[in-house]
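In what follows, a single structure is set out as structure tokens and then discussed.
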Amino acid sequence: MAEVEDTRKEEPVDSVGPSEGTYKLPDDLYIPPDALIVILEAFEGPLDLLLYLIKRRNLDILDIPVAEVTDQYMAYIDLMTSLRVELAGDYLVMAATLAELKSRMLLPRPSEDEDEEDPRAELVRRLMEYEVFQHAAEQIDELPRLERDVFPAALLRPDHLTHLEPPRVELRELLAAFAEVLERVKLRKPHAVETESLSVRERMTQLLDRLASTGGYVPFSDLFSRSEHRQGAVVTLLALLELLRDGLVNVVQHGFHQPIYVAHASSQS
Amino acid sequence: MPPRPMHAASEIKQAIESLLFVAEDPLSKEQLVSLLKDSEIDVDSGRLPQEVEAALASLHVDCAQRAYELVEVGSGYRFQVRSEHNKWVARLLLHRPRRYSRALLETLALIAYRQPITRGEIEQVRGVAVSTQTMRTLLDRGWVRELGVKDLPGRPMMYGTTSTFLDYFSLRSLEELPPLRDIAESGSGAMNDEVVTDRD
Amino acid sequence: MPPRPMHAASEIKQAIESLLFVAEDPLSKEQLVSLLKDSEIDVDSGRLPQEVEAALASLHVDCAQRAYELVEVGSGYRFQVRSEHNKWVARLLLHRPRRYSRALLETLALIAYRQPITRGEIEQVRGVAVSTQTMRTLLDRGWVRELGVKDLPGRPMMYGTTSTFLDYFSLRSLEELPPLRDIAESGSGAMNDEVVTDRD
């Protein structure tokens, strides 16, 4: 029920947001449009976002320009708010931490006190530690994996042996199994159920047609039409995210500063 | 490098061997030919049927020293344990933990709540393929039965539960299965209305 | 038909071959020994472990010419299709391999490298709450298990990885996990391992 109401309120996207004209997608945004897809889809929390902001600009993690990074972080928070993406409370906690850090950095530091710790030290430590595990997660993802890279060789069993002492099952086990399935189904429902509108579906089809007819990788930014303004860009973006989630398109980027390309998933294999 | 027929033949053989070892069902010659078609193997597609036949014959010879053999059954070819080793298989099956896999329970639950349902529909919900072994176990146990084919391309089989299933779980009828809403609540979190109403 | 007389070593080898091909999960040397014990094979049970080892080595060599190989992973040995033939397998199994979210992989990485670890400790490093769904997926897949509660206020559960996790990712042991990038490499001299590992 609540979701239905949400969808209704969703309609006038342009009226939502802190102030009209602050955000113009995709041209004017502080975060470049080709980074948007990455941002919207994939941040795993405030540390992840911060790391991204730092790396994207090739900043030194040990000497973070707090003011600059804070501004970008806030821009992201505002953007999410304007797109009505619900942010975890952790993002807001980090926003407060950054704001405090920014103000502390403005204070003159007593240079005679050698022991005075850089106010950024704790944040730096957390960022670096998180980065280590981010990297570890990527490596685990690349390990040869059953069902994807490794296929056990199996022989079919002699039929008459399958009847040996069948295991017992209790009803509650069956129900628990089903509850899991339902939970998974729910999770695999589009996270953008509320924002998914006909126009997004339509745009998905348009994008697929276009990618299929091009037959190769298309620069991400080419998918946005300058004439469509903000709402059109958002619809395109959501459509791309949907396609990406369904595995219908592939997105590649060869590095932080490289352009992002999109291709129809079937055009490569 | 000019194409060497021997090379193609050995690649075809290895391809077939891999396919037979991962397939859940026997594969027919026609299936094998179509799986090998339009690949980088340098062989004229008109010659593929003979090549497949030759590879199968060669595989048959190869496994003379192995504990398995290549057999042809109704629907095609499969590798299976030579019957003289069945005693080992039986030992293994008796030793294994007496539990059904989660995949089996989930499949059974889906059939119970969503019948009639096709294998494709089950796979769609679960997000992974349903193995033939799973379906066969459920059918063997008499908990699930085939209800007839669905009028769709490919004419997939529809499945439903049996009275043996009801008996086993001490249910008088399917209505006695707990309503989905309760499961969801006892599971975790609120249910998506859409999924719940899907039942009817 | 009387069983044809067979050399004990060759019988053991064929038995192991059958068992590995039929088992749902990898089988360890110990499991193989116990499956072969008290059988009609004419071998002293004290010598079985060596015999099993020799048979595995011999099987390993045998399949050099085959499309599959014998590999050792966390919980034991399994036959698997050589990866160069994956392209054929992909043609047969049409379902798209499941992709795991970064949230799940990062949580898994923390559990793998820092076990025993509590959910709170994971959240501290990641900077966000670990969803119940993520934990449940990890537990369901059998990659992660509960290790008992930590003696702390709230008695939080500690988690660790399983041999199923090792099997799934083709690892023989946790030592084979890719080495963690040294935190100091990212630059900080102030950082040392103590600070990092000794949390809470």
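Protein chains in written order, with the working numbering: chain A, 33 to 301; chain B, 567 to 766; chain C, 567 to 766. Yeah, the Cβ is synthetic: ideal placement off N, Cα and C, and Gly gets one too.
Based on Cα-Cα distance, which residue from the options lies nearest to residue i?
i, options, result
"residue 642 of chain B", "B/586, B/670, B/720", "B/586"
"residue 588 of chain C", "B/657, B/720, B/596", "B/657"
"residue 618 of chain B", "B/628, B/603, B/632", "B/603"
"residue 125 of chain A", "A/171, A/109, A/137", "A/109"
"residue 625 of chain B", "C/680, C/633, C/595, C/695", "C/633"
"residue 737 of chain C", "A/173, A/296, A/185", "A/173"
"residue 119 of chain A", "A/86, A/256, A/78", "A/78"
"residue 236 of chain A", "A/281, A/81, A/254, A/252", "A/281"
"residue 206 of chain A", "B/722, B/673, B/687", "B/673"
"residue 710 of chain B", "B/742, B/614, B/609, B/723", "B/723"
"residue 251 of chain A", "A/267, A/284, A/241, A/276", "A/284"
"residue 716 of chain C", "C/575, C/583, C/687, C/730", "C/687"
Which residues of chain B have a Cβ atom closer than 9 Å to the Cβ of residue i, listed in chain order?
i, result
"residue 634 of chain C", "583, 584, 587"
How about residue i and residue j: do their beta carbons lie closer than 8 Å?
i, j, result
"residue 728 of chain C", "residue 708 of chain C", "yes"
"residue 682 of chain B", "residue 644 of chain B", "no"
"residue 700 of chain C", "residue 678 of chain C", "no"
"residue 696 of chain B", "residue 680 of chain B", "no"
"residue 163 of chain A", "residue 664 of chain C", "no"
"residue 185 of chain A", "residue 675 of chain C", "no"
"residue 96 of chain A", "residue 177 of chain A", "no"
"residue 693 of chain C", "residue 122 of chain A", "yes"
Could you give the residue range of the beta strand (DSSP E) that holds residue i?
i, result
"residue 727 of chain B", "723-727"
"residue 644 of chain C", "642-647"
"residue 296 of chain A", "292-296"
"residue 249 of chain A", "That residue, residue 249 of chain A, is in no beta strand (DSSP E); it is neither H nor E in DSSP."
"residue 711 of chain B", "710-715"
"residue 635 of chain B", "634-639"
If the cut is a Cβ gap below 9 Å, which residues of chain C does residue i touch?
i, result
"residue 676 of chain B", "Correct list: empty, because the minimum Cβ distance to chain C is about 16 Å."
"residue 158 of chain A", "690, 691, 693"
Of all the CB atoms in chain A, is at least one closer than 8 Å to the CB of residue i?
i, result
"residue 573 of chain C", "no"
"residue 771 of chain C", "Because chain C in this structure spans residues 567 to 766, residue 771 of chain C falls outside the shown range and cannot be described."
"residue 643 of chain B", "no"
"residue 679 of chain B", "yes"
"residue 576 of chain C", "no"
"residue 725 of chain C", "no"
"residue 624 of chain C", "no"
"residue 729 of chain C", "no"
"residue 594 of chain C", "no"
"residue 605 of chain C", "no"
Which residues mark the beginning and the end of the alpha helix (DSSP H) in which residue i is found?
i, result
"residue 679 of chain B", "668-680"
"residue 705 of chain B", "698-706"
"residue 694 of chain B", "Run containing residue 694 of chain B: none; DSSP gives neither H nor E here."
"residue 578 of chain C", "574-588"
"residue 609 of chain C", "Where residue 609 of chain C is concerned, there is no enclosing alpha helix (DSSP H), given that its DSSP letter is neither H nor E."
"residue 652 of chain C", "652-658"
"residue 596 of chain B", "595-602"
Interface residues of chain B around residue i at Cβ under 7 Å?
i, result
"residue 183 of chain A", "588"
"residue 205 of chain A", "671"
"residue 657 of chain C", "601"
"residue 32 of chain A", "Outside the modelled stretch of chain A, which goes from 33 to 301, sits residue 32 of chain A, for which no answer is possible."
Is there at least one Cβ from chain C nearer than 8 Å to residue i's Cβ?
i, result
"residue 122 of chain A", "yes"
"residue 709 of chain B", "no"
"residue 151 of chain A", "no"
"residue 242 of chain A", "no"
"residue 238 of chain A", "no"
"residue 179 of chain A", "yes"
"residue 161 of chain A", "yes"
Can you list the residues of chain C that residue i reaches, using a CB-CB cut of under 7 Å?
i, result
"residue 693 of chain B", "664"
Along chain F, which residues have their Cβ under 7 Å away from the Cβ of residue i?
i, result
"residue 744 of chain B", "Looking for chain F here will not work: the only protein chains present are A, B and C."
I'd like to know if residue i contacts chain B, where contact means its C-beta is closer than 8 Å to some C-beta of that chain.
i, result
"residue 228 of chain A", "Low per-residue confidence applies at residue 228 of chain A: pLDDT is 39, beneath 50, and the placement is therefore not dependable enough to give any value."
"residue 831 of chain C", "The requested residue 831 of chain C is not part of the displayed model; chain C covers only 567 to 766."
"residue 616 of chain C", "no"
Which residues in chain C have a C-beta closer than 8 Å to the C-beta of residue i? List them in chain order.
i, result
"residue 77 of chain A", "692, 693, 694"
"residue 88 of chain A", "Ordered by position in chain C, no residue passes the 8 Å Cβ test against residue 88 of chain A, which lies about 16 Å from the chain."
"residue 172 of chain A", "671, 674, 675, 678, 735, 743, 744"
"residue 154 of chain A", "Correct list: empty, because the minimum Cβ distance to chain C is about 11 Å."
Residues of chain A with CB under 7 Å from residue i, in chain order?
i, result
"residue 747 of chain C", "164, 167"
"residue 736 of chain C", "175, 176, 182"
Quick one: which chain A residues come within Cβ less than 8 Å of residue i?
i, result
"residue 649 of chain C", "176, 181, 182"
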